[in-house]
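In the working numbering, the protein residues as written are 1216 to 1480.
Now the structure itself:
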């Protein structure tokens, strides 16, 4: 029996596919799924068999957000401490995704709403079906649009003005519009979403993992810094990478006129 309430499959190519698997509810999230995702994105940092992750949904939806019956109903009956434990756990999922030193590619096969929209947002690259939509619909159900780090993350992806519009109004965003504003990296036909995401993930998995992980870390670390601090942090990081195995392997491969064999160190 699987240890998860979703599918998680490691490939021999270094790519793991995480498939949310509650298609009858458009892959809505439960307390257990949140907790399992929180732990998995920590554990993957030390999983040498996985160098890139594809996150997708089974069936017509990517993820419709938290289950009304299995999360919202019970939360209305709990006390403030219990509610706060839940909201901190959901935020930890996103924090762990952003801190994971391995790229995550979202294959958005259908609607990504509420928490599902934030999971897609927290991925490093997003491939959308032409029929897929985003909806940061928290305010439509009487909640703050600032959920799971969305108010910190979304302005960095699409700009503060557009993020404010999406979070305040909660309107659906088509794939075409998502691509236009930078929320989607690729828009492809529905039957090509997973293949395109896998192709990107395989390309990343075959690359220099240490360099990719450091790049992801630096992008997020530098947001609150001033220019001088950012340049100094990049100088220190690049000095370390210049002395790492993968860069030397690039040099040796160049001199020997062959393809480099990166080991992620």
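For every residue, glycine included, the Cβ atom is placed at its ideal position computed from N, Cα and C.
Note that the structure is predicted; figures quoted are calculated from it, not measured.
Chain-order list of residues whose beta-carbon lies under 7 Å from that of residue i (same chain, five-residue window excluded)
| i | result |
| --- | --- |
| residue 1228 | 1417, 1420 |
| residue 1359 | 1353 |
| residue 1247 | 1220 |
| residue 1237 | 1243 |
| residue 1381 | 1351, 1369, 1388 |
| residue 1472 | none |
| residue 1383 | 1354, 1360 |
Neighbourhood of residue i by C-beta, 6 Å cutoff - its chain only, sequence neighbours within 5 removed
| i | result |
| --- | --- |
| residue 1216 | Low per-residue confidence applies at residue 1216: pLDDT is 46, beneath 50, and the placement is therefore not dependable, though the value from the model is reported in the following sentence. Result list for residue 1216: empty, nothing under 6 Å. |
| residue 1272 | 1235, 1242, 1278, 1324 |
| residue 1321 | 1270, 1335, 1338, 1341 |
| residue 1275 | 1325 |
| residue 1437 | 1445 |
| residue 1412 | 1269, 1320, 1322, 1342 |
| residue 1394 | 1402 |
| residue 1218 | none |
Residue span of the alpha helix (DSSP H) that contains residue i, given as start and end
| i | result |
| --- | --- |
| residue 1558 | Given that the chain is displayed from residue 1216 to residue 1480, the structure contains no residue 1558 and the question cannot be resolved. |
| residue 1417 | 1408-1420 |
| residue 1464 | 1460-1471 |
| residue 1231 | Element bounds for residue 1231: not the alpha helix (DSSP H) but the beta strand (DSSP E), 1230-1235. |
| residue 1426 | 1424-1436 |
| residue 1449 | 1442-1457 |
Opening and closing residue of the beta strand (DSSP E) in which residue i lies
| i | result |
| --- | --- |
| residue 1272 | 1267-1272 |
| residue 1224 | 1222-1225 |
Contacts around residue i, its chain only, beta-carbon distance under 8 Å, and the 5 residues preceding and following it disregarded
| i | result |
| --- | --- |
| residue 1226 | 1232 |
| residue 1312 | 1256, 1319, 1334, 1337, 1338 |
| residue 1355 | 1385 |
| residue 1456 | 1425, 1426, 1429, 1462 |
DSSP bridge partner residues for residue i (one or two, in chain order)
| i | result |
| --- | --- |
| residue 1253 | In DSSP, residue 1253 forms no bridge with anything. |
| residue 1403 | 1344 |
| residue 1244 | 1281 |
How about the region 1286-1302 and the region 1228-1241: do they share at least three Cβ pairs that are nearer than 8 Å? no
Three CB pairs or more closer than 8 Å across the region 1362-1376 and the region 1299-1306: yes
Do the region 1398-1411 and the region 1333-1349 touch if we need at least three Cβ pairs shorter than 8 Å? yes
Count the C-beta pairs between the region 1435-1447 and the region 1461-1479 that are closer than 8 Å, then say yes if the count reaches three, no if not. no
Hey, is the region 1274-1289 in contact with the region 1371-1391, meaning 3+ C-beta pairs nearer than 8 Å? no
In chain order, each alpha helix (DSSP H) run of at least 4 residues that lies wholly inside the region 1282-1348: 1288-1291, 1295-1314, 1330-1337
In chain order, which continuous runs of the beta strand (DSSP E) of length 3 or greater are located wholly inside the region 1346-1401? 1348-1350, 1387-1389
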